[in-house]
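For the sequence shown, position 64 matches number 98 in the numbering used here, and the numbering has no gaps at all. Here a beta-carbon is modelled for each residue, glycine too, at the ideal position from N, C-alpha and C. Remember, predicted model here, so these are calculated numbers, not experimental data. Heads up: the structure comes next, in structure tokens.
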Amino acid sequence: HSARLTIDPRFRVGSIDRRVFGSFVEHLGRCVYDGIYEPTHPTADEEGFRTDVLDLVRELGVSTVRYPGGNFVSGFRWEDSVGPREERPRRLDLAWHSTETNEVGLHEFARWLERASSELMLAVNLGTRGTQEALDLLEYCNVTSGTALSDLRGEHGSKQAFGVRMWCLGNEMDGPWQLGHRSADDYGKLASQTAKAMRQLDPEVELVVCGSSSAAMPTFGEWERVVLEHTYEDVDYISCHAYYEERDGDLASFLASSVDMDRFIRTVAATADHVKALTRSEKTLAISFDEWNVWYLDHFRSVEQITGIDTWPVAPRLLENVYTVADAVVVGSLMMSLLRHADRVRAASLAQLVNVIAPIMTEPGGPVWRQTTYFPFALTSRLARGVALQVPVETTRHRTATYGEVDTVDALATHDAETGQGAVFLVNRSTTESCSVEVDVRSLGAVAVLEAHQLHDADPHARNTLEQPERVTTAAPRVVDLVDGVLTVELPPVSWTAVSLG
Ligand code: AHR
Numbered sequence: 035h036s037a038r039l040t041i042d043p044r045f046r047v048g049s050i051d052r053r054v055f056g057s058f059v060e061h062l063g064r065c066v067y068d069g070i071y072e073p074t075h076p077t078a079d080e081e082g083f084r085t086d087v088l089d090l091v092r093e094l095g096v097s098t099v100r101y102p103g104g105n106f107v108s109g110f111r112w113e114d115s116v117g118p119r120e121e122r123p124r125r126l127d128l129a130w131h132s133t134e135t136n137e138v139g140l141h142e143f144a145r146w147l148e149r150a151s152s153e154l155m156l157a158v159n160l161g162t163r164g165t166q167e168a169l170d171l172l173e174y175c176n177v178t179s180g181t182a183l184s185d186l187r188g189e190h191g192s193k194q195a196f197g198v199r200m201w202c203l204g205n206e207m208d209g210p211w212q213l214g215h216r217s218a219d220d221y222g223k224l225a226s227q228t229a230k231a232m233r234q235l236d237p238e239v240e241l242v243v244c245g246s247s248s249a250a251m252p253t254f255g256e257w258e259r260v261v262l263e264h265t266y267e268d269v270d271y272i273s274c275h276a277y278y279e280e281r282d283g284d285l286a287s288f289l290a291s292s293v294d295m296d297r298f299i300r301t302v303a304a305t306a307d308h309v310k311a312l313t314r315s316e317k318t319l320a321i322s323f324d325e326w327n328v329w330y331l332d333h334f335r336s337v338e339q340i341t342g343i344d345t346w347p348v349a350p351r352l353l354e355n356v357y358t359v360a361d362a363v364v365v366g367s368l369m370m371s372l373l374r375h376a377d378r379v380r381a382a383s384l385a386q387l388v389n390v391i392a393p394i395m396t397e398p399g400g401p402v403w404r405q406t407t408y409f410p411f412a413l414t415s416r417l418a419r420g421v422a423l424q425v426p427v428e429t430t431r432h433r434t435a436t437y438g439e440v441d442t443v444d445a446l447a448t449h450d451a452e453t454g455q456g457a458v459f460l461v462n463r464s465t466t467e468s469c470s471v472e473v474d475v476r477s478l479g480a481v482a483v484l485e486a487h488q489l490h491d492a493d494p495h496a497r498n499t500l501e502q503p504e505r506v507t508t509a510a511p512r513v514v515d516l517v518d519g520v521l522t523v524e525l526p527p528v529s530w531t532a533v534s535l536g
């Protein structure tokens, strides 16, 4: 197999917002407790946060972290999570059938994020609560001082306002599993009212209204239209959520998951543009793809096994997917899909960050390690800079059961005018054949290969585990040559590759 493509900085899609490299920390399973936080761990800092985890989070290059949920937020009372720790209530978390101790709350998480050099993106509870509680939380977070709630924040240890810019207006309100789930009409009205009120308090906030929790929802499309007809002028983003998995051993379809993500983004953008026309609006709505990943949803069912009202555990092992090489190739290609729509996708969150469907795993009292999916995320976050470019690819195509004919090689390129550096990301979706790719980079000028990384393994289902934490890692591609402005790279089957040039 062979493929050919051209990188040209004039073919720009849009500037890359760093918020596209966001992630997500939910009070779910061992994401917070025994994940980022474990006071008895040998590497814990004075606040109880694991510094070995923090090191990997920094290396991952996470720009923004969505918090504290997820489904969790729809039953969350934010007041429980602030003030003296010994006075914080223990609560039942209905979403995950767990007990929430509130040992880690808003202040602790904000301090953790400072250490991680990431931005806080908060979700308000529009499940069991409403506009007033959202306003209270906004006052608590963003007013400098001199009001009841801003002064309370000062008494709780943060004289300085948190200054949170990004806010989600609830979570997955289209999902029947969501506490306070409602119709598009009811949610649209509540979201509009809450958004207007929040802007009245702080005009600087950037607001995300809930889109569908997946493109497979029966209300997909109609939900977006109705919700946006209520909220178009009040919000800045509509959310998309998507999870992919290898089903019934159909690796070929799974490797083409980004075909679905591309279509999902285009459909939501088209629906938003339809409402733009209906409302005669001047503004174009952005997309916040604030939950995306590979997720083997079977594990979801483990929540249902937690029964008995008096026995809901603290930080149980939930949704702890162990990712394969193929999963990582898909994660890399999903990031390419997000960047390919850089003009519309202005924020995104890999769900989630630690232990729960996460690139980073920990053992209590023990080590931290990188899952396979860690590598494409970290490398894309570091190398994809400046603007995303359109990359027409001449490639063979092959048939998949789920998506029909798809390109065998998928590609995305970026270019940073400030540094003159470019990067190209390549996926070989073939399960059997290698592919030699030629990339015409002449319009980048006289460049050399700065770095080249490839994720591939003879066993596409190889994983990193507690016993073998470094079984899978990236290596230099077997062939990577740059001669007369043409880059040649060899892509083995089921592989993800990144090359930076400058
Ligand atoms: O990320 C796990 C869960 O997936 C989130 O809590 C929810 O929003 C989604 O259904």
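Relative to the ligand AHR, even the nearest heavy atom lies 6 Å or more away from the CB of Glu504.
Boundaries of the beta strand (DSSP E) around Thr40: Ser36 to Thr40.
If you draw a straight line from the Cα of Phe45 to the Cα of Pro426, it is about 10 Å long. Taking one beta carbon from each stretch, the stretch 521 to 532 and the stretch 482 to 495 have 3 or more pairs nearer than 8 Å; the two touch.
Per the Cβ contact rule, the stretch 214 to 234 is not in contact with the stretch 189 to 198 (fewer than 3 Cβ pairs under 8 Å). Short of 7 Å from the beta carbon of Gly161, and not among the five residues preceding or following it, lie these beta carbons of its own chain, in chain order: Ser108, Gly109, Gly204, Gln212, Leu213 and Gly214. Annotation note: the stretch 60 to 94 contains the following uninterrupted alpha helix (DSSP H) runs of length 4 or greater, listed N- to C-terminal: 85 to 94.
Listed in chain order, the non-local C-beta contacts of Ala435 below 6 Å within the same chain comprise Asp284 and Ser287, local neighbours out to five positions each way being set aside. A heavy atom of the ligand AHR is found nearer than 6 Å to the CB of Asn105. Gln455 carries a strand assignment under DSSP once its states are collapsed to helix, strand and coil. Per DSSP, Met207 is not a residue of any alpha helix (DSSP H), being assigned neither H nor E. Contact check for Gly536 against Gly454 passes: the beta carbons are separated by less than 7 Å. Check the Cα spacing between Ser36 and each of Ser534, Thr98, Thr522 and Leu94: the tightest is with Thr522. Rounded to whole angstroms, the Cβ separation of Thr442 and Arg463 is 6 Å, and the two are in contact under 8 Å. At least 7 Å separates the beta-carbon of Val59 from that of Leu516. Beta-bridge analysis with DSSP links His432 to Val440. The ligand AHR has a heavy atom closer than 6 Å to the beta-carbon of Glu206.
Between Asp42 and the set Glu504, Ala182, Gly479 and Leu484, the nearest pair of CA atoms involves Gly479. As summarised for the stretch 153 to 178, the continuous beta strand (DSSP E) elements at least 3 residues long and confined to that stretch are 153 to 158, given in chain order. The closest heavy atom of the ligand AHR lies less than 6 Å from the beta carbon of Ala385. Relative to the Cα of Thr253, the nearest Cα in the group Ile272, Pro210, Leu235 and Asp236 belongs to Pro210.
In the DSSP assignment, Val328 falls within the unbroken beta strand (DSSP E) covering Ala320 to Val328. Spatial neighbours of Asp377 in its own chain (CB-CB distance under 7 Å, excluding positions within 5 residues in sequence) are listed in chain order as Val47 and Gly48. Only buried fits Pro350, as 16 or more other CB atoms lie within 10 angstroms of its CB. Of the residues assessed, Gly438 falls on the exposed side of the cut-off, its CB having fewer than 16 other CB atoms within 10 angstroms. By the beta-carbon neighbour count (other beta carbons within 10 angstroms, threshold 16), Gln405 is buried. Judged by their CB atoms, Ser97 and Arg52 are nearer to each other than the 7 Å cut-off.
By a beta-carbon distance limit of 8 Å, Cys175 contacts Phe196. Their separation comes to about 4 Å. For Phe58, the pairing in a beta bridge is given by DSSP as Arg100 and Ala385. Judged by DSSP secondary structure, Ala290 falls outside any alpha helix (DSSP H); it is assigned neither H nor E. Annotation for Ala290: Thr434, Tyr437, Val440 and Arg463 place their beta carbon closer than 6 Å to its own, counting only its chain and skipping 5 residues before and after. DSSP places Val520 outside any alpha helix (DSSP H); the residue lies instead in the beta strand (DSSP E), whose first and last residues are Val520 to Leu525.
Taken through DSSP and simplified to helix, strand or coil, Ile394 comes out as strand.
About 17 Å separates the Cβ atoms of Leu241 and Asp208, ruling out a contact at the 8 Å cut-off. By the neighbour-count criterion, in which a residue is buried when 16 or more other Cβ atoms sit within 10 angstroms of its Cβ, Asp282 is exposed. Here Gly48 is bridged, per DSSP, to Ala422.
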